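Taking our numbering as reference, the numbering of the sequence shown is continuous, increasing by one, and the terminal residue is 342.
Where is the CB? At the ideal position from N, CA and C, for every residue including glycine.
Computed from a predicted structure; not experimentally measured.
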Amino acid sequence: MEKIVAANLKMNFTYDEVKEYVEKLDGSKNFIVCPPNIYLHMFVNKNYSCGSQDAYYEDKGAFTGEVSSLQLKSLGVNYTILGHSERRQLFGDTNCTVNKKVISALKNNLNVILCIGETKEERDNNETKDVLKEQIENCLKNVSNVEKIIIAYEPIWSIGTGVIPTNDEIKETIDYIKDIFNSLYNNHDVKVLYGGSVNEKNIDSINSIENVSGVLVGGASLDIDKINKIKGVVLK
Ligand code: 13P
């Protein structure tokens with residue numbers, strides 16, 4: 107299985123900083139960089155892949171501030187993150203809007219990194235599996251072809267906190283996600299990335315989990331040395 111490293115740069119870097127970052131970046135097609143929309147043009151058509159952090163579901167029209175999958179594809183972007191917990195918690199994305207975005211992204215031939223994950227409260231209440239199942243079923247409603255879908259399992263309580271599940275917990279949850287795909291999509295073996303406080307120190311351990319298809323990295327991806335170390339471990 108070819109593994110993946112995806113870098114979610116979130117809303118970081120000034121123009122001067124991003125220019126310096128791009129100059130130092132090198133890659134492989136299984137390295138996906140997801141910069142802020144205003145910098146996407148600097149990351150396309152390189153020896154790595156380029157993704158957006160979101161994509162609106164209408165192709166065009168009076169939707170001030172939004173960017174569509176059609177527009178992203180026309181720029182040379184080939185991936186989009188959808189359903190990130192920050193979009194859900196801060197910008198009102200729901201499983202229903204994420205579903206529309208997934209359908210539009212696939213229609214426009216983008217690969218989708220679909221983020222799912224439970225809150226601390228849901229985890230404490232033993233609701234993790236129910237939440238993940240609901241997210242998968244509702245975000246992929248009426249989606250029949252999942253070849254271009256990658257799942258990123260990001261426990262919300264682990265994002266930016268330095269706290270991560272144990273390897274056994276990650277393995278069990280990813281097995282569960284794969285089981286859901288197997289039953290919904292005729293034994294389709296979906297790729298599942300782990301995301302949440304991945305860094306250059308814990309990457310050896312996370313990468314050793316047998317069913318992890320790669321990682322989605324936030325904070326550590328802002329530092330070239332750290333993301334290079336992570337790529338070196340996962341994409342070797
Ligand atoms: P951190 O790696 O900073 O915890 O962020 C994870 C994330 O949200 C990636 O999408």
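With burial defined as no fewer than 16 other Cβ atoms inside 10 Å of the residue's Cβ, what is the status of residue i: buried or exposed?
i, result
"L196", "exposed"
"A168", "exposed"
"N114", "buried"
"G198", "exposed"
Would you say residue i and residue j are within 8 Å of each other, going by their C-beta atoms?
i, j, result
"C140", "V204", "no"
"I333", "A326", "yes"
"I262", "T225", "yes"
"A211", "L188", "yes"
"N308", "I270", "yes"
"S311", "T267", "no"
Measuring alpha carbon to alpha carbon, tell me which of the options ends up nearest residue i.
i, options, result
"S289", "I257, E243, L178, E233", "E243"
"K181", "R194, S158, I187", "The question names Lys, but residue 181 is Leu in the sequence shown. Nearest option by C-alpha distance: S158."
"H147", "K179, T200, E233, S134", "K179"
"V124", "V111, D285, Y145, S311", "Y145"
"A112", "V269, E129, I219, T120", "I219"
"F287", "L322, G301, N308, N251", "N251"
"V249", "E278, N231, V208", "V208"
"G223", "I336, F149, D230, H190", "H190"
"L216", "V183, S303, K235", "V183"
"T186", "T170, I138, D310, D165", "I138"
"P142", "D165, V150, E240", "V150"
For residue i, which residues of its own chain have a beta-carbon under 7 Å away from its beta-carbon, when the five flanking residues on both sides are left out?
i, result
"N313", "V339, V340"
Between residue i and the rest of its own chain, which residues show a CB-CB distance below 6 Å, the 5 nearest in sequence each way excluded?
i, result
"K297", "I256, S319"
"Y163", "K206, K207, S210"
Looking only at its own chain, which residues have a Cβ that is under 8 Å from the Cβ of residue i, when we skip the five neighbours before and after it?
i, result
"L428", "Any property of residue 428 remains undetermined from this structure, which presents the chain solely from 107 to 342."
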